[in-house]
Amino acid sequence: MIQRQNCFHELFAYLGKLKYTILLLGLVIWLLSPMLGLIPLLIFSQIDVSQSVIKNTRKKNYILNYFCILAVLFTVTITASTYSVVGDLKQYTIIYDQLGGTNFFDFFKKINMEPVTFIIPDLVKRYFYLNRFDFILLQAITMNCAYFALARVFMPNYYPTVIMLNICSIAYFQQLFLMRQYYSFIFLVPFIYLVNWKYKLVLGLIALFTHSSTVIFTIPQIIVTMTITDQRVKHGKEDSISILKLVQSFQRWLKKLLLDRFVLYVALLTITLSFILLTKSGFISNTQVLLGSNAFVQEVSPRLATTLSSYSNTEYLLGLSRDLWKVAVIDIMFLPLLLVQIRFNREPLVCYSWVLAFASSAISLLLFYVGIPAFGRLVYFLSGLSGFFYTFVLKSSNLFHKRNFFSFAIFGAISAKIVYFYYFLFSFLRSDANPYLWGGHVIQANIYDYIEYLLNINRNL
Numbered sequence: 001m002i003q004r005q006n007c008f009h010e011l012f013a014y015l016g017k018l019k020y021t022i023l024l025l026g027l028v029i030w031l032l033s034p035m036l037g038l039i040p041l042l043i044f045s046q047i048d049v050s051q052s053v054i055k056n057t058r059k060k061n062y063i064l065n066y067f068c069i070l071a072v073l074f075t076v077t078i079t080a081s082t083y084s085v086v087g088d089l090k091q092y093t094i095i096y097d098q099l100g101g102t103n104f105f106d107f108f109k110k111i112n113m114e115p116v117t118f119i120i121p122d123l124v125k126r127y128f129y130l131n132r133f134d135f136i137l138l139q140a141i142t143m144n145c146a147y148f149a150l151a152r153v154f155m156p157n158y159y160p161t162v163i164m165l166n167i168c169s170i171a172y173f174q175q176l177f178l179m180r181q182y183y184s185f186i187f188l189v190p191f192i193y194l195v196n197w198k199y200k201l202v203l204g205l206i207a208l209f210t211h212s213s214t215v216i217f218t219i220p221q222i223i224v225t226m227t228i229t230d231q232r233v234k235h236g237k238e239d240s241i242s243i244l245k246l247v248q249s250f251q252r253w254l255k256k257l258l259l260d261r262f263v264l265y266v267a268l269l270t271i272t273l274s275f276i277l278l279t280k281s282g283f284i285s286n287t288q289v290l291l292g293s294n295a296f297v298q299e300v301s302p303r304l305a306t307t308l309s310s311y312s313n314t315e316y317l318l319g320l321s322r323d324l325w326k327v328a329v330i331d332i333m334f335l336p337l338l339l340v341q342i343r344f345n346r347e348p349l350v351c352y353s354w355v356l357a358f359a360s361s362a363i364s365l366l367l368f369y370v371g372i373p374a375f376g377r378l379v380y381f382l383s384g385l386s387g388f389f390y391t392f393v394l395k396s397s398n399l400f401h402k403r404n405f406f407s408f409a410i411f412g413a414i415s416a417k418i419v420y421f422y423y424f425l426f427s428f429l430r431s432d433a434n435p436y437l438w439g440g441h442v443i444q445a446n447i448y449d450y451i452e453y454l455l456n457i458n459r460n461l
């Protein structure tokens, strides 16, 4: 029996005749506006990877491939580091100023904050003089190098696409403002990919001491991984029970809703978005204050009560609520449509893990809108690094079938995210655009501006 080729790689390999044109176009655009040139460079890289997969040969253009990846890494690192020093990022720079001359763990115990995010900056500051700009750049380099390396290690045949989907997630560039959350993702991503529960336990603990909110991902992952592994040992991959059958039952219900009752699905989605847009913050704020002031919550977890109360600011909630659903709406629309097409009894365990991560993100988003905004920021895992969530799609055996709805939906999702990414970039041309990246002049900056920004280390923040 002849094994079918992967239709994802077939399509990108088919574009091989145009790959040098795409590369040249991408480089020209990248020199004039690095952010606008990211997508063509990554498409060239994926074409090169897909051609090597189809031909089962080593990449012929690995130097050009890695040059494109390094150009993208340089661009997103510098762009992320231009985030205005306000809010949370300003507090992190203040913390950094106090490092280097005190007992590290005693200091973080005193301020009641998880310490892992600042271990590298503390070590570097003890031996080198680094100002606030250096600290911000160091954190941007650390996080972006980690995300790129994780994509390369765990998704070697798809890493340009994973990187592209991450960058197109828009909230990707809030990594420094939400530094501790995004730093915890460095450990959360391999935690989800790895099957061995011992490795999961170690990475889960590190993630927990980076940002405690990761517990909503780590606890379910460990339980489900151990349970499914045990079931597959006892009953075999094709005859698993309990959790696997529960997933399959949910999948059948979701498929019936999305495909057989597509009109109902669209109606429910419309109603949900209308609720998000039209609901006043009073309900959320009042619920938040009620929980934060609850005597039982204060007694069981004083820190949680303080966190809940701190999220009751009306203006903060209004701004955050818009961002949360907008940056994740494309993934929330496409991932369920792809999910219902997968036969999980044929898929590797990592597919279950990422489906569970997606469900956890959706739950955290739901918690925000029903009155617990403190858990809403957890959705930034999906809205900031959505490329990793497409693992259960890209690793699916459905890609080895002839082109069908599944493959159409994958390329539909990728195309939609690219379009939204460019919409996001060009929105900076408006006078009321977000000024936090490059002072609101993201696409006007050319490669010379990037190099000048990098070399100008004597800046005042």
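Residues in the sequence shown are numbered from 1 upward in steps of one, following the working numbering. Ideal Cβ placement from N, Cα and C applies to all residues, glycine included.
Pick from Glu10, Cys168 and Gly101: whose alpha carbon is nearest that of Val419?
Each of Glu10, Cys168 and Gly101 was checked against the Cα of Val419, and the nearest Cα belongs to Cys168.
Cβ pair count under 8 Å reaching 3, the segment 160 to 174 against the segment 188 to 207
Because the criterion of three Cβ pairs below 8 Å is not met, the segment 160 to 174 and the segment 188 to 207 do not touch.
Nearest-angstrom Cβ-Cβ length linking Lys328 and Leu366, presumed shorter than 8 Å:
Note on residue identity: the sequence assigns Ala, not Lys, to residue 328. Rounded, the Cβ-Cβ distance is 12 Å, inconsistent with contact.
Same chain only: Cβ atoms within 7 Å of Phe12, ignoring 5 sequence neighbours per side
Taking C-beta separations shorter than 7 Å and ignoring five residues to either side along the sequence, the partners of Phe12 in its chain run Gln46, Ile47 and Ser50, following chain order.
Apply the 10 Å Cβ neighbour rule to Met226 and answer buried if 16 or more other Cβ atoms are within range, or exposed otherwise.
So Met226 ends up on the exposed side.
Is the beta carbon of Ile443 sitting closer than 8 Å to the one on Ser33?
Result yes, Cβ atoms of Ile443 and Ser33 sit closer than 8 Å.
Count the other C-beta atoms from every protein chain shown that fall within 10 angstroms of the C-beta of Leu123, then say buried if there are 16 or more, exposed otherwise.
By the neighbour-count rule (16 or more Cβ atoms within 10 Å), Leu123 is not buried but exposed.
Please tell me whether Phe358 and Phe389 are closer than 8 Å, where the distance is taken between their beta carbons.
In terms of Cβ geometry, Phe358 and Phe389 form a close pair [threshold 8 Å].
Straight-line gap, Leu399 to Arg126 (C-alpha atoms, nearest Å):
Taking the straight line from one Cα to the other gives about 51 Å.
Contacts around Ile170, its chain only, beta-carbon distance under 6 Å, and the 5 residues preceding and following it disregarded
Val327 and Phe424.
Using beta-carbon positions only, say whether Ser482 and Glu114 come within less than 8 Å of one another.
No information on residue 482 is available, as it lies outside the stretch 1 to 461 that the chain covers here.
Beta-carbon contacts of Gly319 that lie in its chain and below 7 Å, excluding the five residues immediately before and after:
Here Gly319 scores only 41 on pLDDT, less than 50, and its place in the model is too uncertain to base an answer on.
State yes or no: is the C-beta of Phe185 within less than 8 Å of the C-beta of Leu385?
Contact annotation: Phe185 and Leu385 have beta-carbon atoms nearer than 8 Å.
Hey, how far is the Cα of Phe421 from the Cα of Leu208?
Distance between the alpha carbons of Phe421 and Leu208: 31 Å.
So, under 8 Å CB-CB, Ile410 and Phe8 are touching, yes? Tell me the CB distance rounded to an integer number of Å.
Contact flag correct, Cβ pair sits at about 7 Å.
Is it right to say Phe405 is buried, meaning 16 or more other beta carbons lie within 10 angstroms of its own, or is it exposed?
Answer is exposed; the Cβ neighbour count stays below 16.
Run of the alpha helix (DSSP H) containing Ile30, from where it starts to where it stops
It is worth fixing the name first, because residue 30 is Trp in this sequence and not Ile. Membership of Trp30 in the alpha helix (DSSP H) is indicated by the continuous run Lys19 to Leu32.
Taking the alpha helix (DSSP H) that Lys395 falls in, what are its first and last residues?
Unbroken run through Lys395: none, as it is neither H nor E.
DSSP state of His211, grouped into three classes?
His211 sits in coil when the DSSP states are folded into three classes, being neither helix nor strand.
Mind checking which residues open and close the alpha helix (DSSP H) that includes Thr57?
That residue, Thr57, is in no alpha helix (DSSP H); it is neither H nor E in DSSP.
Met155 and Tyr182: beta carbons closer than 8 Å?
Going by C-beta atoms, Met155 is not nearer than 8 Å to Tyr182.
Quick one: grab the DSSP three-state call for Cys145.
Here Cys145 sits in helix by DSSP.
Tell me whether Ala445 sits in a helix, a strand or coil according to DSSP, three-state version.
DSSP, reduced to helix, strand and coil, places Ala445 outside both helices and strands of the structure shown, so it counts as coil.
Counting only the same chain and skipping the five closest in sequence on each side, list residues whose C-beta sits under 6 Å from that of Ala445.
Within the same chain, Ala445 has close Cβ partners Trp438.
In terms of alpha-carbon separation, which member of Met35, Trp30 and Tyr96 lies closest to Phe426?
For the residues Met35, Trp30 and Tyr96, the minimum Cα distance to Phe426 belongs to Met35.
Status (buried if at least 16 other CB within 10 Å, exposed otherwise) for Gly101
Looking at its Cβ environment, which holds fewer than 16 other Cβ atoms inside 10 Å, Gly101 is exposed.
Where does the unbroken alpha helix (DSSP H) through Cys7 begin, and where does it stop?
From DSSP, the alpha helix (DSSP H) with Cys7 extends over Cys7 to Tyr14.
Note the first and the last residue of the continuous alpha helix (DSSP H) segment covering Gly384.
Residues Tyr380 to Gly384.
Minimum C-alpha distance to Ile216 - residue among Lys198, Ile192 and Asn196:
Of the candidates Lys198, Ile192 and Asn196, the one whose C-alpha sits nearest the C-alpha of Ile216 is Ile192.
Starting from Leu36, follow the alpha helix (DSSP H) in both directions and report where the run begins and ends.
That residue, Leu36, is in no alpha helix (DSSP H); it is neither H nor E in DSSP.
What residue range does the alpha helix (DSSP H) around Thr93 cover?
Per DSSP, the continuous alpha helix (DSSP H) segment holding Thr93 begins and ends at Gly87 to Asp97.
Assigned secondary structure, Met113 (DSSP; H/G/I helix, E/B strand, else coil):
If DSSP states are grouped into helix, strand and coil, Met113 belongs with coil.
Using a Cβ-Cβ cut-off of 6 Å (strictly less than) and excluding sequence neighbours within five positions of Asp88, which residues of its own chain qualify?
Excluding sequence neighbours, Asp88 sits near Phe177.
Out of Val76, Leu349 and Leu42, state which residue places its alpha-carbon closest to the alpha-carbon of Ile447.
The residue with the shortest Cα to Cα distance from Ile447 is Val76.
Three-state secondary structure (DSSP) at Asn166?
For Asn166, the secondary structure class from DSSP, reduced to helix, strand or coil, is helix.
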